[in-house]
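Residue numbers (the working numbering): 645 to 938.
Some notes on the structure that comes next.
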């Protein structure tokens with residue numbers, strides 16, 4: 645299949661760019677830099693970008709809410725931020741974790757307005773993390789343990805299946821939820837890269853129910869058909885794509901965040917756009933992000 649056109653839409657040196665989400669209210673792309681903690685907003689039409697520096701050590705992920713505030717995972721806390729006023733409000737603190745050994749990482753809101761988010765080992769070696777369901781009343785319920793780096797949370801269009809990745813175990817699972825969408829009842833391996841050491845990272849699902857996933861240190865994004873076959877692979881101009889989402893007025897532009905983390909000086913010289921945000925046209929159509937119900 646022909647390689648699509650790839651455009652750098654925001655040239656920026658993100659140490660660990662992540663969690664791109666398209667906001668239909670503002671018609672703009674939102675994303676974060678985890679290790680230089682900052683929330684970004686990009687208007688792709690004008691190229692105008694705004695950002696908000698964040699406290700804490702890590703900004704793990706981002707979600708939209710019904711109120712319009714941004715729900716941010718900072719270290720082991722969830723906080724809301726009103727980007728118009730700058731007002732921050734503490735929402736919840738993750739239980740059962742070993743600070744500073746762990747932190748919150750990738751997350752996504754389901755069709756019922758609940759956030760699913762994982763924790764990870766900051767040392768990238770031990771199974772210290774969990775997967776959590778966060779309810780709108782602030783309760784956090786843990787599922788699965790022995791997670792090293794939680795990642796790639798996404799839901800298929802019918803909401804009955806969730807995708808979940810442990811990047812440092814090199815495995816992506818397809819998780820079946822109960823009828824209420826509250827509890828995982830089964831888990832099967834969608835893709836296992838433990839033999840090759842490839843690192844599946846952030847993910848999203850398109851309108852056809854296909855899973856798109858970025859491969860950190862792999863320089864590519866791939867699409868899995870619902871049956872698990874890889875039917876599309878797109879090379880990126882930098883080694884470390886981290887996550888992706890569909891955006892634009894018709895949700896037909898695939899946006900990809902990247903990172904310069906772990907690249908040597910020689911690699912950075914060869915990849916001057918490492919850490920930037922890219923756009924890929926003509927590869928599919930996405931679905932709107934669900935809103936956390938607060």
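Ideal placement from N, C-alpha and C gives every residue a C-beta, glycine not left out.
These numbers were taken from a predicted model, which means no experiment stands behind them.
Taking the beta carbon of residue i as the centre, do at least 16 other beta carbons fall within 10 Å, making it buried, or is it exposed?
i	result
residue 751	buried
residue 908	exposed
residue 671	exposed
residue 713	buried
residue 900	buried
residue 827	exposed
residue 733	exposed
residue 885	buried
Nearest to residue i by CA position, among the options, is which residue?
i	options	result
residue 776	930, 739, 875	739
residue 696	672, 721, 725, 708	725
residue 819	911, 798, 839, 812	798
residue 806	925, 762, 874, 768	762
residue 785	804, 759, 771	759
residue 939	655, 824, 862	Absent from the structure is residue 939, since the part of the chain shown begins at 645 and ends at 938.
residue 767	873, 890, 745, 829	745
residue 844	829, 874, 811	811
residue 787	800, 808, 770	808
Return the Cβ separation of residue i and residue j in integer angstroms, given the expectation that the two are a contact with Cβ distance under 8 Å.
i	j	result
residue 898	residue 928	7 Å
residue 662	residue 676	5 Å
residue 854	residue 868	6 Å
residue 904	residue 918	4 Å
residue 939	residue 699	Here the chain comprises residues numbered 645 to 938, so residue 939 is not present and cannot be evaluated.
residue 796	residue 841	The Cβ separation is near 16 Å, so there is no contact.
residue 930	residue 851	6 Å
residue 915	residue 883	6 Å
residue 954	residue 835	It is not possible to answer for residue 954, since the shown part of the chain is limited to 645 through 938.
Look at the Cβ atom of residue i, then the Cβ atom of residue j, and state whether they are nearer than 9 Å.
i	j	result
residue 895	residue 870	no
residue 715	residue 683	no
residue 888	residue 848	yes
residue 814	residue 791	no
residue 741	residue 720	yes
residue 727	residue 694	yes
residue 749	residue 793	yes
residue 701	residue 681	yes
residue 686	residue 674	yes
residue 771	residue 800	no
In chain order, what residues of the same chain have a beta carbon less than 7 Å from the beta carbon of residue i, not counting five sequence neighbours either side?
i	result
residue 938	709, 710, 711, 780
residue 678	660, 662, 702, 703, 704
To which residues of the same chain is residue i closer than 8 Å at the C-beta, ignoring the five residues directly before and after it?
i	result
residue 647	878, 879
residue 892	666, 688
Kindly list the residues whose CB is nearer than 6 Å to the CB of residue i, restricted to its own chain and excluding five residues on each side of it in sequence; keep chain order.
i	result
residue 653	688, 921, 923
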